Structures are given as structure tokens and as C-alpha cells.
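Here the sequence shown is numbered in this note's numbering, starting from 5 and rising by one per residue.
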Amino acid sequence: MPPLSLPSPPALTAEARHYFAAAARGRLELQFCQSCAAPWFFPRPTCPRCGGDDYRWAPVSGRGVVESFTIVTRAPSPAFRDLLPYVVAVVALAEGPRMMANIVGADALEVTIGAPVEVVFETRGEGRVPQFACVREDAP
Ligand SMILES: [Zn+2]
């Protein structure tokens with residue numbers, strides 16, 4: 005069987021371009037609806053709560069809790085082999101929306117449901133991607 009390769013990156017929407025440009029500057033920004041005030045993730049042109057298309061971008065705390073996770077031990081393609089094992093989690097942000105991301109850091113494999121996490125920015129290619137790291141309970 006020939007080795008698998010990663011597909012080409014998807015074309016970015018205008019909203020995704022804004023999101024990743026903010027991430028490249030070390031900022032986690034979400035869209036906030038100007039009609040119902042709801043924040044949302046993933047970046048898209050309309051509010052998933054009310055359908056409004058008037059929004060503003062604003063930075064968020066980057067804090068959240070792990071709602072669910074899995075530890076990946078089998079690479080979905082050879083490109084992921086050197087990353088094993090790694091953690092994929094659903095993080096509920098303090099502001100409400102959920103994000104899927106990796107849990108990174110030396111203690112990533114000890115993550116638990118409900119663990120507090122905070123955003124970190126991982127360099128990928130020419131950009132940076134929001135990921136999350138466990139927050140030590142005794143951290144200030
Ligand atoms: Zn709305």
C-alpha cells in the first residue's frame with residue numbers, strides 16, 4: 005500500500021483568515037454577535053444562535069476546561085507517527101464555545117475530564133495554531 009500523505013490545506017474563508025492572523029499574533033479571538041451577544045467558534049459568517057450576520061471580533065480569555073479527550077496512539081497517516089502519543093480534546097471555553105484542539109505540554113497525557121486548560125500557540129509551518137495546555141492547580 006502506498007504511503008498516505010496529508011491532503012492540501014483547505015482554502016481559508018475570510019473569517020478563518022482573521023482567526024489565524026490573530027493566532028499568529030498570539031491572540032485567541034472569537035466572533036461575537038451584535039444582535040444576541042453570543043460568541044461562537046468555528047469562524048463563520050453568521051451567528052449559529054440567531055442567524056445574524058453582524059458581528060465583531062474580540063479576544064477571549066483562552067481559559068477553559070476539558071470536556072472530552074482521547075489519546076491517539078495509532079497514527080492516522082505516516083505524517084503523524086512522530087507525534088504519537090498525542091491528545092485530542094474538546095475544550096469548553098470560559099466564554100461558552102467549544103473548540104477541538106490538542107492538549108500539549110509535558111503533562112498532556114495526564115489530562116482528565118474537567119481539567120482547567122489555557123491556550124498556547126503552536127508554530128505550524130508559517131503560522132501558529134491555538135492549542136491548550138493543562139493549568140496547574142497551584143498556578144497563580
Ligand atoms: Zn446572534
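Even glycine gets a Cβ: it sits at the ideal position worked out from N, Cα and C. Being a predicted model, the structure only gives us computed values, none of them experimental.
- If only complete runs of 3 or more residues are kept, the region 38 to 76 shows the beta strand (DSSP E) at 59 to 63, 67 to 76, in order along the chain.
- Of all alpha-carbon atoms in F36, V121, V94, L32, the one lying nearest the alpha-carbon of C54 is that of F36.
- Using a cutoff of 8 Å, the CB of A83 does not count as near ligand 1, since none of the ligand's heavy atoms is closer than that.
- DSSP places A27 in the uninterrupted alpha helix (DSSP H) bounded by 18 to 28.
- The DSSP-derived three-state label of R132 is strand.
- Residue environment for G118: exposed (fewer than 16 other C-beta atoms within 10 angstroms of its C-beta).
- When the five nearest sequence neighbours on each side are left out, the beta carbons in the same chain lying within less than 6 Å of the beta carbon of L34 are those of P43, F45, V64, in order along the chain.
- The three-state secondary structure of R140, taken from DSSP, is coil.
- In the three-state reduction of the DSSP assignment, R85 falls in the helix class.
- As computed with DSSP, T116 is found in no beta bridge at all.
- In terms of CA proximity to P101, G66 leads the group R31, G66, D58.
- Collapsing the DSSP output to three states places A93 in a strand.
- Taking 9 Å as the cut-off, the Cβ atoms of L88 and T77 count as close.
- Proximity of the beta carbon of C138 to ligand 1 is not indicated: no heavy atom of the ligand is located closer than 8 Å.
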